[in-house]
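Each remark here refers to the structure printed beneath this line.
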Amino acid sequence: MKNLNYLFIALLCYSITSFAQLKPVKYNDGTQVLNGFSIQPKATSQQKPGILILPAWMGIDTLSKDTAENLSKLGYYAFVADIYGEGNYPKDYSEAGQKAGYYKTNYLEYQKRISLALKQLILAGANPDNIVVIGYCFGGTGALESARGHLNLRGVVSFHGGLGRDATRTLEPITTPVLVCHGADDPYESKEEVASFQQEMKNTKADWQMIYYANAVHSFTNPEAGTDNSKGAAYNEKAAKRSWEHMKIFLNEVLKK
35 MKNLNYLFIA
45 LLCYSITSFA
55 QLKPVKYNDG
65 TQVLNGFSIQ
75 PKATSQQKPG
85 ILILPAWMGI
95 DTLSKDTAEN
105 LSKLGYYAFV
115 ADIYGEGNYP
125 KDYSEAGQKA
135 GYYKTNYLEY
145 QKRISLALKQ
155 LILAGANPDN
165 IVVIGYCFGG
175 TGALESARGH
185 LNLRGVVSFH
195 GGLGRDATRT
205 LEPITTPVLV
215 CHGADDPYES
225 KEEVASFQQE
235 MKNTKADWQM
245 IYYANAVHSF
255 TNPEAGTDNS
265 KGAAYNEKAA
275 KRSWEHMKIF
285 LNEVLKK
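Counting in my numbering, the sequence shown runs from 35 upward without gaps.
Quick look at the structure:
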């Protein structure tokens, strides 16, 4: 009986330690405190690829945390970036729109916050030359800005992200592979903006893919968005699953084995 108790305790300890846990990480942009989340893959005997996750416009949410945990199960280091910083988190959609709009306009500051989060991902143990950035909505815009900003990345993935850019910006070659997962019925991206983005990809000689999902609007990966497409943002289970699989194919293609 005593031996059985020891065995039970050993199995319990193994079950607790065999699954990685999200850990809060404080870091800084000058005097601005940032609060991200880090998670390691189950086995960390060697440097493995890293995935940086850029949240939607309300900041770090359930979707971004769940994504980090799921990526760790696939064998990746993951880090959820804090773009806004302590004391600057939006209280509602109106504030979120203003704050996200600021970083879309001041894209160099957005790229800087992304770079700071990348450093934290590397400090956690990820291979600095084997990293992909993914993002949702506002974070999808950030993923594209990571490619435009020539950060040291193997690829970027945008899920229902904003595609627009200031037309006065100088076009430079984009050498980072790009995957855009887009709702076919997303009302927040006009045909003109989509066409402009695609032309940008062609003009910059990018290696890019854009996949459309039927009956999907904005936020199609987020279960908390509801299921009413008429609101313009809604969860679509089929599109969410398909886009996740498309991302996995992309990761297997661009990351070093």
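Virtual Cβ for every residue (Gly too), placed ideally from N, Cα, C.
The model shown is predicted, which means the values in this text are computed figures rather than measured ones.
Query - C-alpha gap between Asp100 and Lys239, whole angstroms - result: Straight-line spacing of the CA atoms in Asp100 and Lys239 works out to 34 Å.
Query raised in the report: At which residues does the alpha helix (DSSP H) containing Tyr136 begin and terminate?
Result: Tyr127 to Thr139
Query raised in the report: Which residue's Cα is closest to the Cα of Cys11: Ala268, Asn186 and Lys282?
Result: Lying before the first or after the last residue shown, residue 11 is absent from the chain, which here runs from 35 to 291.
Requested in this report: Name the residue from Lys57, Ala77, His280 and Leu142 whose alpha carbon lies nearest to the alpha carbon of Val114.
Outcome: That would be Lys57, whose Cα lies nearest to the Cα of Val114.
Query raised in the report: Is the segment 236-255 in contact with the segment 214-223, if contact means three or more CB pairs nearer than 8 Å?
Result: Output reads yes: the segment 214-223 touches the segment 236-255.
Query raised in the report: Nearest CA to the CA of Leu108: which residue from Ser192, Met235, Lys272 and Lys76?
Result: Lys76
Query raised in the report: What residues in its chain sit with their C-beta under 7 Å from that of Val67, if we drop five residues either side in the sequence?
Result: Lys60, Gly119 and Glu120
**Report entry** Which listed residue (Trp278, Glu279, Ala259 and Lys272) has its alpha carbon closest to that of Met92
**Finding:** Of the listed residues, the one whose Cα sits closest to Met92 is Ala259.
**Report entry** Tyr144 vs Glu179 beta-carbon contact at 8 Å
**Finding:** yes
Query - Trp278 versus Leu105: straight-line alpha-carbon distance, rounded - result: 10 Å
Report task. Starting from the C-beta of Tyr141, find all residues in its chain whose C-beta is less than 7 Å away, skip the five residues before and the five after it, and write them out in chain order. Result -> Glu179
Query - Supposed contact pair Ala181 and Thr210 - C-beta distance, whole angstroms, cut 8 Å - result: 4 Å
Query raised in the report: Are the segment 249-266 and the segment 227-234 touching by the rule of at least three beta carbon pairs closer than 8 Å?
Result: no
Query raised in the report: Going straight from the alpha carbon of Val166 to that of Ser128, what length do you get?
Result: 30 Å
Query - Under 8 Å between C-beta atoms of Val190 and Ala177 - result: yes
Query raised in the report: Could you give the residue range of the beta strand (DSSP E) that holds Val251?
Result: Counting along the chain, Val251 falls outside any beta strand (DSSP E), and DSSP gives it neither H nor E.
**Report entry** Own chain, CB closer than 6 Å to Gln81, minus 5 neighbours either side, in chain order
**Finding:** Asn161, listed in sequence order.
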